Amino acid sequence: MKKFRKVLDGLTTSSPVNPGGSPSCGSAAGTPSTAPTPRELEIQETLMSEHFQICKTVRHGFPYQPTALAFDPVQKILAIGTRSGGVRLLGRPGVDCHCQHESGAAVLQLQFLINEGALVTACADDTLHLWNLRQRRPAILHSLKFNRERITFCHLPFQSKWLYVGTERGNTHIVNIESFILSGYVIMWNKAIELSTKTHPGPVVHLSDSPKDEGKLLIGFESGTIVMWDLRAKRADFRIYYDEAIHSVSWHHEGRQFMCSHSDGSLSMWNLRNTAKPFQVTFPHGKTQRDGRKESCKPILKVEYKTSRNSSEAFVIFSGGLSYDKAGRRPTLTIMHGKAIIVLEMDYPIVDFLVLCETPYLNEVQEPYAVAVLLEKDFLVVDLTQSNFPIFENPYPMDIHESPVTCTAYFADCPPDIIPVLYSIGAKHKKTGYSHKEWPLSGGTWTVGSQTYPEIIITGHADGSIKFWDATAITLQMLYKLKTSKVFEKPKSGDVGRSAELVEEDPYAIQMINWCPQSRIFCVVGISAHVILYRFSKHDANTTITSLVVRLQCEMEDVISPSDTENTPCFSDPSGLSPQPQPPSPRSNTPDSVRDSNPCLKVKDRMIRMPPGYQAELVVQLLWVDGEPPQQITSLDLNSAYGLLALGNCNGLAVVDYLQKTVLLCMSTLELYGSADPFQRLTRSPRKNRQSTSDFCMRGLSNFYSDSKKRIRTSYQSLTELSDNQVSLDLERSKSPTSDHVNGHCTSPTSQPCPTGRARVPGGPEGPRLARRGPGRPPFRKAQSAACMEVSLPVSSLTEESRENSFSRSRSSSVSSIDRETKEAVTTLQFAESYGRKSDTLPTPCLWVGTSLGLVLIIPMSIPTDEQERQEDPVTVAPTGTVLMLKASVLRFAFLDCGGALINSPYEVWRDQHAPDDPDRPRKRKLVNFSPSSSQEASGDGHLAVVCSERQAKVFFMPSQACLYVHNITESSFVLRADVVSVCNSVCLACFCANGHIMTLSLPSLRPLLDVNYLPLTDMRIARTFCFTNGGQALYLCSPTEMQRITYSQEMCDNLQEMLGELFTPIETPEAQNRGFLKGFFGGNAQTFDREELFGEAAAGKASRSLAQHIPGQGGMEGMKAAAGGVVGELARARIALDERGQRLGELEERTALMMTSAETFSKHAHEVMLKCKDKKWYQF
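In UniProt numbering, the protein residues as written are 1 to 1181.
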């Protein structure tokens, strides 16, 4: 039982802004304030540390930087290897598994043990790994590390336990798959080639056994040498020396001929009867020139030679081979079938491809039915059974990165009707022309788990597009796509335009997403300092988009202008007349101010037909001022019940009434404080020489793809510049009880232009607070989140910002270090039913504002409740000067009632504004949690406000503003993302820090429940996209093309096995075709070949111990051991011990089953021998 004290209204509390300088709250974790506590408040906290555990659930998207491809034709499972050591296993929809090599070495090659539920991976660190796929979480059973040779190629014959491994030195080793031990049988390169050969043949690039005789191994060397090695006789049957380098080899199923692809773009056909020269050499894409020579072509990297029963002509499929004459041609996959040559152009370079065939036996007619093509940034499957070769519709979300992802949002437990509605709208815009057949990768099994609820993930992209994804039951399917660029006019060709200098390629890139699932109102923030508000409708409409402009920019000259002596606030006066954006200042006609009072983009001003779905209603844009582009928008909130939209940046705050289409408030942060400003502000000297317009272009960010050019230019300051230009700034707490400086970003602007054009001046009401820094003042470095050198991050990567702007704040690169001193960004906004003043007895609509200096402002509002009055009467917004204080930049607000339950913000129930009118049922606004009665019942006795910053969390009791609890989250790092989420029918504060720690704190006591060092932050992409949601789930972009979902809930970790798909399903291996007596007699009998006799230890001996080292697998337990830490370590270790015991019991059971199988086999053979010898006489033996 946790007890909390409630302070009576009117008593003196420990508010940091108390003019009397009363003591601030204690800094110990969960330490209660020493404020007077005449009344007791009891809240039962149910969350314990046992409710939390970190675990990865599923990874979505395209495998980043793929390197290899493999397919099991019986299980119908496909595997993709990546450069970072990842392996992706794909089957039927829902069967999608990601594995990771601990070493992180690139995967060179993949080999399935066909229909055995196992996979062999060969990595760039010259290690072979055997993965067990018979469990939902695959684990490594064995590893074999080569010490003296580098692996270049592997081959595993069907139904064989001996793996052929080719090396860079040209040698071929043989590995026993069961024991993962090297055989003493080695094919040395100097024995494979003729003794008279003076040059090394190069690395092994191909290994395959002859379909005609498994005792013959075809070895291809890079130089063009091909050797047919007789494994029994241990000698070469024949050797081929070709002038061109070999890239791949493919057999005809009869084993009498094979085809090679070469570096000159040619295909050579060889017959085993005559290996002196190829009987056919073709250049599929090489034209004959006038002099009779073939034009030079690019290498053919891979070729597949497959036969079909329905056609006498074979399929020859290859990649590459195009001529060099045409520059800029797309990568191609060529399909040759008879005389027909079909060239399929690809969007990206081809990494690998596989022809999917009906039979796993190489000596049978292959019957190809599809081609799986792995591209650098896409994966597709081509249908070979139809003449036009269509592609299959991919059921996996492989197009997350269609445009680089710039932000994400995760909504769990959504209204159940929203997913079918979005799907029905999005289905109308799906592409057509796909193959009508079912997806060929049909392996594995998957069922929807018992504990499922609607989940939606929203991604914002660099091209301005928005994608809604159905994330229910750890799957991901795209529901609906929205293009925000359609709101704006396309820039004319040849026109430089304002956005051309602002952003190079992506002026519509999405920075923030705000969605209300109940009202279906959707709001996005774009990189060009614009906000777009959308409403959802099931009907198309012809409407005009309303455009509002906001002048939210500081004019430095106005700060010291001696002529301006008035200070007119910008909020609405009591009469309720809302101010409108003013015309350009008189300076706007100067050459440097051509763009002044204009936005970056032009909204379409004509009637537009909008299809069903999300339809744009309002666009709010920030203006250019004095030749400077508008600063990036750093915070946004929307409330459908209030009909209000709030946005802020490093200059100030604006509040927009989207129902009346008016700007209610447009103020600098400093003006919001009024007389309650806790800091002594420093003015800035005016610039004497205005810089050129090009200097005001926004500074470039590191691109989202490390291997591509810069995609987005924003105004975020790089860490390098912050380090070089150390700003001298003297911040003092006004009567602060502590002596340390504020862990903020920068101070507030000293002025903000108002609708009247007046500005704050040193001689005005706030004059004593504005003092210019003298030369004798000692400067100190800003304690800025991105510049805190306590976090060891790559300097080059610290140029992007997180979604909550915890890193370097938005600012123009043209602003000098002196000009930056007084910037204070609005970092978070939240509409809520709260108390704007200590004297309030009932909650009213309020806007909570958090800044980069750790200050919290509460702005009460007066909103008419009647629908008709709401459309006509103005909304009154009046800042009261109420200020709360925390360490570092404020990230998140949340509100709890006196019982500890989360108070949801008021919202409007969705109604279709474009639906046909029904006279019997007029459409009226239906508001939830917004009425005098409901507010009084819910919060009439006060409520708790949870405020989290980059370093600290506090719980305040409202309206007395007493700080009940405070917890210093981190001292050596800073919080990137914080969310108040519901877990196990309770609420907690979840935080993700820059040092990779994931923490959860109980509410309202802020008691630590979980602290796990989960993910060292090595990429700003993670910081920008990490977000928590209800149900103990979170997600982040782990690569430019992949999205990783995790859970921090013990309950979901326990149920995860039930939710994941099965990769292996017991299937009978198809029987080999009856070859017939004559075919078997004259074609050779491959069944008589016993590899065990040749490669076993009895015949071949042991391999050198120094050649390779066997490493036993951990069975997947190492990942769980790593996760066992923090406050739940002991419990996790106990659970691991039980799992290890269960695993040992499982291994014992498997060994027992193997012994039983062996005994049954022995009994069967003994019975056969008995029957064979029963009727024989003694002299017949």
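For glycine and all other residues, C-beta sits at the position ideal for the given N, C-alpha and C. Because the structure is a prediction, the values reported are computed rather than measured.
Enclosing beta strand (DSSP E) for residue i [first to last residue]
i, result
"Ile859", "855-862"
"Arg235", "235-241"
"Ile527", "Note, Ile527: premise wrong, no beta strand (DSSP E); not H, not E."
"Thr1025", "Here Thr1025 belongs to no beta strand (DSSP E); instead the alpha helix (DSSP H) covers 1020-1025."
"Met512", "510-516"
"Asp637", "635-639"
"Gly652", "652-657"
"Leu1006", "Premise fails: Leu1006 is in no beta strand (DSSP E) and is neither H nor E."
"Ile350", "350-357"
Unbroken alpha helix (DSSP H) run spanning residue i, endpoints
i, result
"Thr827", "Unbroken run through Thr827 is the beta strand (DSSP E), 826-834; no alpha helix (DSSP H)."
"residue 1258", "Shown here, the chain extends from 1 to 1181; a query on residue 1258 therefore has no answer."
"Asp869", "In the sequence as displayed, the identity of residue 869 is Glu instead of Asp. Per DSSP, Glu869 belongs to the alpha helix (DSSP H) from 867-872."
"Ala192", "189-192"
"Ala1100", "1097-1100"
"Met1052", "1050-1059"
Sub-7 Å separation of residue i and residue j beta-carbons
i, j, result
"Gly104", "Gly85", "yes"
"Leu356", "Pro440", "yes"
"Lys1015", "Gly996", "According to the sequence displayed, residue 1015 carries Leu and not Lys. Yes. Within cutoff."
"Arg1007", "Phe992", "no"
"Ala654", "Val550", "yes"
"Thr332", "Val316", "no"
"Leu272", "Arg290", "no"
"Gly444", "Arg169", "no"
Coil, strand or helix - residue i by DSSP
i, result
"Lys887", "coil"
"Met958", "strand"
"Val421", "helix"
"Lys76", "coil"
"Ser949", "strand"
"Val126", "Rather than Val, the amino acid found at residue 126 in this sequence is Asp. In this structure, Asp126 counts as coil in the three-state DSSP scheme."
"Phe1162", "helix"
"Glu345", "strand"
"Met48", "coil"
"Leu1171", "helix"
"Leu1145", "helix"
"Leu548", "strand"
"Gln477", "strand"
"Asp1011", "strand"
"Cys414", "coil"
"Gly674", "helix"
"Asn176", "strand"
"Leu384", "coil"
"Met999", "strand"
"Lys1176", "coil"
"Ser668", "strand"
"Gly426", "helix"
"Leu1063", "coil"
"Ala915", "coil"
Residues bridged to residue i [DSSP beta-bridge criterion]
i, result
"Thr844", "Ser834"
"Ala314", "According to DSSP, which records beta bridges pairwise, Ala314 is partnered with nothing at all."
"Asp96", "Leu90"
"Phe992", "Arg977, Ile998"
TODO: Would you check if there are 3 or more beta carbon pairs closer than 8 Å linking the segment 175-183 to the segment 241-259?
DONE: no
Task: Cβ contact (3+ pairs, closer than 8 Å) linking the segment 619-627 and the segment 522-541 - done: yes
TODO: Taking 8 Å as the threshold, find out whether the segment 861-879 comes into contact with the segment 893-910 through three or more Cβ pairs.
DONE: no
Task: contact_flag[the segment 477-484, the segment 103-117] where n(CB pairs < 8 Å) is 3 or more - done: no
Task: Segment contact flag, the segment 1017-1030 with the segment 377-392, C-beta cutoff 8 Å, min 3 pairs - done: no
Task: Three or more C-beta pairs below 8 Å linking the segment 828-843 and the segment 642-656 - done: yes
Open item on the list: Assess contact between the segment 263-271 and the segment 296-305, defined as three or more Cβ pairs (one per stretch) separated by less than 8 Å. Is contact present?
Closed with: yes
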